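> From first to last, the protein sequence lines stand for chains A and B. So that you can map any letter, position 708 of the first sequence is 1018 in our numbering, and since no number is skipped, the others follow by simple counting. So that you can map any letter, position 54 of the second sequence is 55 in our numbering, and since no number is skipped, the others follow by simple counting.
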Amino acid sequence: MRSKLQPPTLPRESVPRPRLLDELRWGKSSALTLVCAPPGYGKTTLLSQWAEADAGTTRFAWVTLDEGDADPVRFWTYLVSALATMTASAGRRSLPALGRHPERITAEFLPLLMEELEEGGQDLVLVLEDYHRADCPPVTEPLASFIERRPQRLQVVLSTRSDPHLPLGRWRANGQLTEIRADRLQFSEREVGEFFDRTGIDGLSRAELGQLTVRTDGWPSVLRLAAILLRSQSDRGEFVQAFAGSTRQVADYLTTDVLQTVSPAIRSFLLGTSVLPRLCGPLCDAVTGTEHSAATLRELDRANLFISPLDGDGRWYRYHQLFAEALRLELEITEPHLVSGLHTRACLWFEREGDLESATEHAIAAHDTGLCRRLILRQLQPLVGSGHLATIERWLARLSWPGVLSDPELATARATAAGQRSRPDEAGRWLDVAAEGPRDDLTSAGVPLGYGVDLLRSFFLPGSISSAHEAARRAVAEAPGPLWRGAALAGLGQCRYLLGDPDGAAEALREALTLIRGDLNMLALASGYLALVECDQGNPRQAERIARRAVDAAESAESALSGIGVMAHTGLGAALTAQGRLAEADDRLGFVVGLHKAGSPSIWLAHALILLADCRNHAGGAERAREALEEATDTLDQIPGPGIVPELAAAMRGRLLAPGRRAAAYGQELSEREAVVLRLLATGLSLREIAAQLYVSPNTVKTHIRATYRKLGAGTRAQALHRARDLGLLPRSPG
Amino acid sequence: MSIRTGDAHPSGGHDHGHMTGLPCRILLEGEVSDRFEPAFHGLSLHRHPGCTELSGTLADQSQLQRLLNRLFDLGMQVISVRTG
């Protein structure tokens, strides 16, 4: 929305504050200029004044943040779009990189953005307004690095209600922080006088101004409140006395006294539209069921009541923050039954206007399960594909009213979000919820629910591979059209490959690739496994072509591959290893391992680690290969029914040279049995395999392992082996 | 898993704590009108000269966080918060 990227129009009655403007200008030499105060202290007004005063010499890039902007991809997209209005080159290469690698903002995106900002020489101020709405670690960590590396000509200004999670302490200590806080924003007695003059209330005595200043602490919003009330008083002196002597809350004045000064029609307009973060005529018409809202908004603006304009052409407005909160509270107290319906009408208006994200926010606020289902499922694929998984997750986390948790279709959305984050266990729990719904019910995508659940099982592999294989076969049989058959065949191909049926997998995957259209993650899944089959059959060049086509398709669409789509990178990594391009392969597979490690133990992670071990072994790094393989085995121990992957691990182990057989020195420390178990652990065998080798139960092995770990002071297999090598209990390098 | 009856949250960590709850006492500057009591998540409101006390049991820390944010957004000054 355009009004997000421009300074709000300056209120007519704003009091000039030249000293604060000078402080803001001096902030140019600091890393960060921070304007931090509670709502209603005039943070926005001050920054708008600055933008207007210095328009001739400095360019201002402006972003007003909203609740939904605590999503790193959204945040940086807005930030770059604002900079692009000033520096044409901003975003040309960095924005595509942001879409491709939303999880690598600091490594991939920021360096490109810095380069783009090097071009062009004019001084630039970047204002991030209401930053508290975006403040979360995934946004803040790269922002700190952006601020520290910014070009000299760029001044970064944050306005916020609470301290951001940035390294403020360090910057302050280094003289790198310019701060304007509530104590500086408070009006002095002189400014209070000027405020009332500009608001058209004159004739207050020095003493009365003094009383009002003390009573309000110079808090501008409270003075605005006093001004509204003063206008309707016959005896101003008496009012000032009463107001100054009172300990009543601001919110109390707003919801009772101030609302009494307006007509019942306006009161109901104000309460009804208080649920909207931004107001425009048609939207208010839709929400309140009235006409001429645009005229009402102009009227309120002219009377300096409650709202101020966001743009110059009088279309969009917003409430003064303190007033909006008070109105919402009044609505909840006096007419709680209306809240849901107001949000529903706002939702439908935004949906008609094509702003699905705003529509979703209102659907959630309305607690309307049906609307949430329709909107979220419609946006699921596009948002996942463009790297906005965080937005989906934020929405889903807020769906927690009774009944919505058991909604089968929303459960498939939750399973998809979990699966795309490589959390198969969580995806499985949500698919169990979805499976409680009637199998034949049609979802909003027009497919039977049972088919959808089976398809997702075959993608995300929550249980054993053989159960996923069963689900995949059902999905192929029940697919309601060629596109859906393509999707199901991709899942079937994955399951067949992981069950050790490469020919069957290739057959399914080749057909899948002729049917899949548009969904790049699905295309990447099928291509990744087909590339693995080609590798195994000795055709690494063909494998590389197949995998690269999928990766390139995603790159040119500026789309992020996540979850199942990561398989294209896995396949490409294996193809590179097979061609001896080991540094490239190590890079690619290391990237895949990093993505999957951020989730819970998965077959994808174990498999990628084995391929990484293979790559490192070829490169002569047996030690690092062994580490990757040990991690793979640890992962396999934690997943049910891992198909053929343990065999792949065993084969990999065979390719690594066997460790030496030095057995001394540790007799007094480890028992003979523990020493044997330790050596077997070093070969990368799983717990079950060790038990089989020693003809004992897995529980007995577990006991030996625990004792060994304890004696070595280790918590994991990797630590124990590392420690044992340090102590010379195991050979440091093979042979 | 029985979802229909319990409405459990399969992603875990989302316990609304009906059993335990979070005893809580918030002191606000100024005198808050009784009218606002319904907005305080079930806490009861007692006015003292110059300040107002909210006390009772909240579901959990995240509900307390939401309430504090709301008080802040309404321009109310929190003097102290005690839980447990």
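Ideal Cβ positions, reconstructed from N, Cα and C, are used throughout, including at glycine. Everything numeric in this text was worked out from a predicted model, so none of it was measured.
(1) Is the Cβ-Cβ distance between Pro850/A and Gln804/A less than 7 Å?
(2) Taking 6 Å as the cut-off, is the beta-carbon of Ala1030/A closer than that to any non-hydrogen atom of the ligand COA?
(3) Which residue's Cα is closest to the Cα of Pro792/A: Leu809/A, Ala857/A and Leu823/A?
(4) Would you say Phe557/A lies against chain B (beta-carbon separation less than 7 Å)?
(5) Any Cβ of chain B within less than 7 Å of the Cβ of Leu840/A?
(6) Tell me which residues share the same chain as Leu320/A and place their Cβ nearer than 8 Å to its Cβ, disregarding the 5 neighbours each side in the sequence.
(7) Taking any Cβ of chain B, which residues in the stretch 562–573 of chain A have a Cβ under 8 Å from it, in chain order?
(8) Quick check: the Cα distance between Glu38/B and His47/B, rounded to an integer number of angstroms?
(9) Does the distance from the CB of Ile511/A to the CB of Leu540/A come in under 7 Å?
(10) Are the beta-carbon atoms belonging to Asn831/A and Ile775/A less than 7 Å from one another?
(11) Using a C-beta to C-beta distance shorter than 9 Å, which residues of chain B count as neighbours of Val560/A?
(12) Is the Cβ of Ile643/A closer than 7 Å to any Cβ of chain B?
(13) If we cut at 7 Å on Cβ distances, does His60/B have a partner in chain A?
(14) Between the Cα of Ala707/A and those of Ser696/A, Gly900/A, Ala725/A and Gly697/A, spot the shortest distance and give me the residue it belongs to.
(15) In this structure, does DSSP put Thr726/A in helix, strand or coil?
(16) Do Ala870/A and Pro447/A come within 7 Å of each other at the CB atom, strictly closer than that value?
(17) Find the residues of chain B that neighbour Glu635/A, judging by a C-beta separation of less than 7 Å, and give them in chain order.
(18) Quick check on the burial criterion: 16 or more other C-beta atoms within 10 angstroms. Buried or exposed for Gly485/A?
(19) In this structure, what does DSSP give as the bridge partners for Gln316/A?
(20) Does any C-beta atom of chain A lie closer than 7 Å to the C-beta of Arg36/B?
(21) Identify whether Gln78/B lies in helix, strand or coil by the three-state DSSP scheme.
(22) Taking a Cβ distance cut-off of 8 Å, strictly less, list which residues of the stretch 328–348 of chain A are near chain B, in chain order.
(23) Which residues in chain B have a C-beta closer than 7 Å to the C-beta of Gly350/A? List them in chain order.
(24) With 7 Å as the threshold, decide whether the Cβ of Gly57/B is near any Cβ in chain A.
(25) Suppose the cutoff is 7 Å on Cβ atoms and the five residues either side in sequence are ignored; what does the same chain contact list for Gly651/A look like?
(26) Which residue comes first and which comes last in the beta strand (DSSP E) that contains Ala371/A?
(27) Let me make sure I understand the geometry here. Which of Ser716/A, Asp493/A, Ala371/A and Thr571/A has the alpha-carbon closest to that of Gln465/A?
(28) Applying the 10 Å Cβ sphere with the 16-neighbour rule, what's the burial state of Arg410/A?
(29) Helix, strand or coil for Arg5/B, going by three-state DSSP, please let me know.
(30) His879/A and Val902/A - do their beta-carbons sit closer together than 7 Å?
(31) When the Cα of Ala1002/A is compared with those of Arg1016/A, Ala992/A and Val987/A, which residue comes out closest?
(32) In this structure, how does DSSP classify Thr1026/A when only helix, strand and coil are distinguished?
(33) Taking the Cβ atom as the reference point for each residue, do Gln496/A and Gly520/A lie within a distance shorter than 7 Å?
(34) Report the three-state DSSP secondary structure of Ile954/A (helix, strand or coil).
(35) Taking the alpha-carbon positions, what's the Val79/B to Ser996/A distance?
(36) Is Tyr761/A helix, strand or coil when you go by DSSP?
On the basis of the supplied data:
(1) Contact flag unset, no.
(2) The ligand COA is not part of the structure shown, which contains no ligands of any sort.
(3) Leu823/A
(4) It should be noted that the sequence gives Thr, not Phe, for residue 557/A. By this cut-off, Thr557/A is an interface position.
(5) no
(6) Thr355, Ser358, Gln359 and Glu362
(7) Asp562, Thr565 and Thr566
(8) 10 Å
(9) yes
(10) no
(11) Gly31, Leu75, Gly76 and Met77
(12) yes
(13) In the sequence under discussion, the amino acid at residue 60/B is Ala, which differs from the His named in the question. Taking Cβ atoms only, chain A never reaches closer than 7 Å to Ala60/B, which makes this a no.
(14) Ala725/A
(15) helix
(16) no
(17) Asp74 and Leu75
(18) exposed
(19) Beta-bridge pairing links Gln316/A to no other residue.
(20) Taking a beta-carbon distance threshold of 7 Å, Arg36/B counts as an interface residue toward chain A.
(21) coil
(22) Pro348
(23) Those are Gly76, listed as they occur along chain B.
(24) No, Gly57/B lies away from the interface with chain A (no Cβ there is under 7 Å from its Cβ).
(25) none
(26) From DSSP, the beta strand (DSSP E) with Ala371/A extends over Arg369 to Thr374.
(27) Ala371/A
(28) buried
(29) Interpretation of Arg5/B is limited by its pLDDT of 37, a score under 50 that renders its predicted location unreliable; no figure is taken from the coordinates.
(30) yes
(31) Val987/A
(32) coil
(33) no
(34) coil
(35) 57 Å
(36) helix
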